[in-house]
Amino acid sequence: MSISDPTFFGVEALNREVKVVTGRVSLGSSAAPTIAEGLGFSVTKESANGTYTLTLDKTYDGLLFAGVEFHRLATSDIIRGSVKAHTVTSSKTVTVEFYEDDSSSGVPALHTPSDNTEFTFCLLLRDGDVS
């Protein structure tokens, strides 16, 4: 298998040409990302706290679904993840952000990740003619 012509394995879907890209990203010192599991993407930390960009290895015709979860190991804090932007048809990117509740104001604020944290994601992508 090569990156320019990846082999995808069978998952049944009602739509044709649906591709699944999943991954687990560990966050180390200074919240630097390292791919712990997954293929078909790279990841970079953006300048804003709690913001990461996934860069796919190829372009796709569209994004059908994106789910992202933040895991703060050894604590019960609740951190929410969301997709901030995606351009899978051209620049091959999906940008995700993580938020936590500000206990004083009740307004969600960008989360500052620390060591011993990670996030997982699942992307369902449209690849080719789905008519």
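Heads up, the sequence shown is in numbering that gives the first Met the number 0, so the first residue is 0 and it goes up one at a time. Backbone N, C-alpha and C fix where the C-beta goes; we use that ideal spot for every residue, glycine too.
Legend entry - From Asn14, Tyr59 and Leu26, residue whose alpha carbon lies closest to that of proline 112: By 1-based counting over the sequence shown, the position of residue 112 is 113. Checking every option, the nearest Cα to that of proline 112 belongs to Leu26.
Inset, instruction - Output the boundary residues of the beta strand (DSSP E) element that contains threonine 50. - result: Working through the sequence shown from its first residue, we reach residue 50 at position 51. 50 to 55 is the span of the beta strand (DSSP E), which, as asked, contains threonine 50.
Inset, instruction - Quick one: grab the DSSP three-state call for alanine 84. - result: What you label residue 84 is simply residue 85 of the sequence shown in a count that begins at 1. Here DSSP, grouped into helix, strand and coil, assigns alanine 84 to strand.
Inset, instruction - Out of Ile34, Asn14, Arg15 and Ser29, point me to the one whose CA is closest to threonine 21's CA. - result: Along the sequence shown, read from residue 1 onward, the residue named residue 21 stands at position 22. Of the listed residues, the one whose Cα sits closest to threonine 21 is Ile34.
Inset, instruction - Could you give the DSSP three-state label for serine 90: helix, strand or coil? - result: Working through the sequence shown from its first residue, we reach residue 90 at position 91. Note: serine 90 maps to coil in three-state DSSP.
Inset, instruction - Return helix, strand or coil for alanine 108, following the three-state DSSP convention. - result: Residue 108 sits at position 109 when you count from the first residue of the sequence shown. It is a strand residue.
Inset, instruction - State the beta-bridge partners of arginine 23 as determined by DSSP. - result: Position 24 of the sequence shown, counting from 1, holds the residue named residue 23. According to DSSP, which records beta bridges pairwise, arginine 23 is partnered with Glu36 and Thr119.
Legend entry - Inter-residue spacing [alpha-carbon to alpha-carbon] between leucine 53 and valine 19: Counted from its first residue, the sequence shown places residue 53 at position 54. Counted from its first residue, the sequence shown places residue 19 at position 20. Answer to the nearest angstrom: the Cα atoms are 14 Å apart.
Legend entry - Same chain, Cβ closer than 6 Å to threonine 94, five either side skipped, listed in chain order: The residue you call residue 94 lines up with position 95 of the sequence shown. So the list reads Thr52, Lys83 and Ala84, once near-sequence residues are dropped.
Legend entry - Inter-residue spacing [alpha-carbon to alpha-carbon] between valine 17 and isoleucine 77: Indexing the sequence shown from 1 puts residue 17 at position 18. Indexing the sequence shown from 1 puts residue 77 at position 78. The alpha-carbon atoms of valine 17 and isoleucine 77 are separated by roughly 31 Å.
Inset, instruction - Please report the residue range of the beta strand (DSSP E) in which alanine 47 lies. - result: As a first step, residue 47 is located in the sequence shown; it is residue number 48 there, counting from the start. Looking at the DSSP string, alanine 47 is not in any beta strand (DSSP E), and its letter there is neither H nor E.
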